[in-house]
Amino acid sequence: MKLIVSDGLVGTVGVIGAELTLLINRCNECYLGMIFRRDLCGIFCALFTYLAMIYADYVVIVWLITPNFMQSLWGVLHAAMFNTVLFFAFVSHFRAMVTDPGIVPISRKGLLRCKKNRFPKLLSDSESNSSDTDVKLIGEGNKFVGKDWTICTRCESYRPPRAHHCRICRRCVRKMDHHCPWVNNCVGEYNQKYFLQFLLYVGLCSGYALSLIVTAWVNYDAYGITGLKGSYEQNVHHAKILHTIFLSIESALFGLFVLAVSCDQVQAILNDETAVEAAQRKGFHNRVSLSRSKITLIREVCGNGPMILWLLPCSTLPSKADVAQLSNQSLIV
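Numbering (full-length UniProt numbering), first residue to last: 1 to 333.
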């Protein structure tokens with residue numbers, strides 16, 4: 001095994017007892033990696049999200065649809081549509097939370113440890129740019145494995161271009177956009193699609209709930225079940241008012257929040273620049289994305305299958321990996 005550096009410096013370093021696993025994704029294959037972060041803040045935010053969605057479903061069904069549409073097919077239709085969208089929101093959130101976002105693997109036999117004075121051109125800070133170093137890994141059969149790869153000084157993993165270190169996860173993640181506490185996970189190469197779907201379905205649920213609230217009060221019946229002069233009188237009527245106020249606030253806040261995040265995510269995809277890269281302004285997308293169409297950039301996130309699958313929280317990204325192992329090999333620099 002040879003590690004060729006651009007300046008032509010060659011010398012024997014010795015055997016590093018490591019098995020470095022480099023993941024090279026193929027098309028039309030599914031990624032099955034699942035993780036769960038034991039971060040208290042992330043778990044709290046995820047549980048709060050689920051409770052908020054369950055509460056929204058309770059108010060919509062019990063206090064909005066049942067009193068106003070119980071005697072027509074519209075009630076069944078509204079209940080089915082709202083719960084379908086909410087179900088997709090649950091599934092997409094769960095998949096964004098437990099799907100491996102693209103964690104760069106660490107060797108099983110030991111970390112790849114190198115001192116700065118031994119590898120000055122390979123080492124980089126966790127978020128610094130060392131892409132000027134032209135590094136090539138040539139394995140058996142002269143396979144080209146990587147270019148512009150760097151060694152993270154925090155987790156000491158050998159990471160591909162555009163991988164960044166997450167201080168919360170304590171690992172490097174491929175095409176990391178940001179760490180989102182609401183999904184208790186990083187948003188990276190393999191779960192960004194589910195994160196976008198979660199934003200979409202939460203936005204739809206928020207808009208749907210607000211429209212049902214407006215419809216319920218426009219068609220208010222004082223003698224209905226929840227009316228002021230209905231069979232349950234004032235107590236139920238006041239409870240309905242409180243629930244609709246809480247739901248209105250929840251829907252407005254969540255709706256505006258996911259709208260802002262969605263715009264930011266779409267812009268990042270079309271510009272081929274993650275939030276980390278935008279903060280650092282590395283200009284990676286200036287070299288690469290200009291030659292690719294917008295639809296190609298979207299397909300990199302949502303998958304190469306039919307566009308209808310972009311709306312479904314199913315695996316469409318290529319993810320079963322070929323493994324290039326550098327096991328008990330000598331690294332020559």
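All C-beta atoms, glycine included, are put in the ideal place defined by N, C-alpha and C. Note that the structure is predicted; figures quoted are calculated from it, not measured.
Environment of residue i [buried if 16+ CB atoms lie within 10 Å]
i	result
R293	One point to set straight first is that residue 293 is Ser, not Arg, in the sequence displayed. Label assigned to S293: exposed.
L242	exposed
S315	buried
W149	buried
R171	buried
A216	buried
S211	exposed
Q234	exposed
F88	buried
A163	buried
A72	It should be noted that the sequence gives Ser, not Ala, for residue 72. So S72 ends up on the exposed side.
R37	buried
P67	buried
C152	buried
F254	buried
H238	exposed
V261	buried
Continuous alpha helix (DSSP H) stretch holding residue i: start and end
i	result
V276	A275 to Q280
N68	T66 to F69
C302	K294 to C302
Start-to-end residues for the beta strand (DSSP E) that takes in residue i
i	result
N219	Looking at the DSSP string, N219 is not in any beta strand (DSSP E), and its letter there is neither H nor E.
I43	Note, I43: premise wrong, no beta strand (DSSP E); alpha helix (DSSP H) at L40 to Y58.
L171	The residue you asked about is not Leu; residue 171 is Arg in the sequence shown. Element bounds for R171: R171 to R174.
C180	H178 to C180
N185	N185 to V187
T99	Looking at the DSSP string, T99 is not in any beta strand (DSSP E), and its letter there is neither H nor E.
C166	A163 to C166
M151	Residue identity differs from the one stated: residue 151 is Ile in this sequence, not Met. Element bounds for I151: T150 to C152.
Close Cβ partners of residue i (< 6 Å) along its chain, the five nearest in sequence each way excluded
i	result
K193	V301 and C302
V91	P313
N191	A96, T99 and P101
G75	I65 and F69
V59	H243 and L247
V104	S157, R159, A163 and C172
R174	G102, A163, G188 and E189
S251	S206, A209 and L210
Sequence-distant residues of the same chain with beta carbon closer than 7 Å to residue i, five excluded per side
i	result
V187	P101, D177, H178, C180 and F195
P120	Low confidence applies to P120: its pLDDT is 47, below 50, so where it sits in the model is not reliable enough to give any reading.
V62	none
N83	D57
residue 422	Given that the chain is displayed from residue 1 to residue 333, the structure contains no residue 422 and the question cannot be resolved.
V85	Y201, L204, C205 and Y208
G42	P181 and N184
C45	P181, W182 and N184
I35	V98 and D100
I213	L64, T244, L247 and S248
Nonlocal neighbours in the same chain, by C-beta distance under 8 Å from residue i, ignoring five residues either side
i	result
A268	D177, T274, A275 and A278
L259	G203
Cβ contact check for the stretch 49-68 and the stretch 163-171: 3 or more pairs under 8 Å: no
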